[in-house]
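Encoded as structure tokens, the structure appears first; notes follow it.
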Amino acid sequence: MPDTYAAIARDVIGKKVSVLRGNGIIPANIYGRGIDSVPVQILWPEARGMLNAHGRNVLIQIQIEGEAQSRSVVIRDFTRDPVNGSLQHIDFFQVDLTRKIQADIPVQLVGESPAVHTYGGILVQSLELLHVEALPTEMPESIQVSVESLGELESSLTVGDIQAPEGVSILTAPDVGLAQIARPRVEQEESEEIQEGEDIEGVVSTDDSEVEEEAD
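Per the numbering used here, the very first residue in the sequence shown carries number 692; after that it's consecutive.
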């Protein structure tokens, strides 16, 4: 059963919501397919606990005071003050539990790559978010991908290598890069030095004494 959080229908709108924030209340909106947008407000401790426990697009319940049933929603977005980082507003999307939704969810690399342990390679993650589709009840908070198959320098993983959880369809193109093992920095620098020495072809380096002997 998804976690349930309390809310109250909100009458204060527009610029006046700053008064709510000053009193420790966070303005929010609930919207969805075929329903009117509902302005609500949530106490700051409730909102903080919600955001700490759940990421975007994870199914939760919002119980609006006075309504008989809670609403099944996902957190679609939230905004923070650009200066002090304080929470300003939350957007909830009310879902149909029988209808699939799309979302961008984090990718977490897990395990240890043999190439990192053995050759000192550098693990580089090139994709942070994955676009997926699933029923609201099956939408994961994140997808974990093991890097234990990366055994050689310059080996890599693409989206096509990901095993999606049951009920989840990955919509990101399978050829998109996910992670790779870069060569150690020292090895990269040595390679660059060699390439610089090969810039001029057909020139043989000699020392000054050899040149003087040939001149004699």
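Just so it is clear, CB atoms sit at the ideal spot from N, CA and C, and this is done for glycine as well.
For clarity, every value in this text was computed on a predicted model and none was experimentally measured.
Residue from the options with nearest C-alpha to residue i
i	options	result
Ala759	Ala697, Asp866, Pro865	Ala697
Arg724	Val764, Ser860, Leu844, Asp694	Val764
Gly689	Ala744, Leu742, Arg701, Lys707	No answer is possible for residue 689: the residues shown for the chain start at 692 and end at 907.
Leu846	Ala873, Asp772, Glu824	Here residue 846 is Ser; the residue named in the question, Leu, does not match the sequence. Ranking the options by Cα distance to Ser846, first place goes to Ala873.
Val798	Gly746, Phe769, Leu711, Leu734	Gly746
Ile751	Val836, Leu734, Thr770, Pro827	Pro827
Val815	Leu800, Leu821, Ala855	Leu800
Gly842	Tyr722, Tyr810, Val823	Tyr810
Phe784	Glu857, Val749, Gly851, Val859	Val749
Pro831	Asp768, Arg767, Ile796, Pro773	Ile796
Beta-carbon separation (whole angstroms), residue i vs residue j, contact threshold 8 Å
i	j	result
Pro875	Ile781	Pro875 to Ile781, Cβ: 44 Å. No contact.
Asn720	Pro730	6 Å
For residue i, the three-state DSSP class (helix, strand or coil)
i	result
Val786	coil
Gly802	coil
Ala825	strand
Leu862	coil
Asn775	coil
Asp694	coil
Gly723	strand
Pairwise C-alpha distance: residue j and residue i
i	j	result
Ile834	Pro805	21 Å
Ser709	Gln732	12 Å
Gly705	Asp727	17 Å
Arg790	Thr695	21 Å
Pro693	Glu803	33 Å
Ala825	Ile792	6 Å
Buried/exposed call for residue i, threshold 16 Cβ in 10 Å
i	result
Val895	For Val895, the predicted model reports a pLDDT of 46, less than 50, meaning its position is unreliable and no value from the coordinates is stated.
Asn775	exposed
Asn714	exposed
Leu661	Residue 661 falls outside the range modelled here, since the chain spans only 692 to 907, and no answer is possible.
Ala864	exposed
Arg917	Since the displayed the chain opens at 692 and closes at 907, residue 917 lies outside it and no answer follows.
Ile699	exposed
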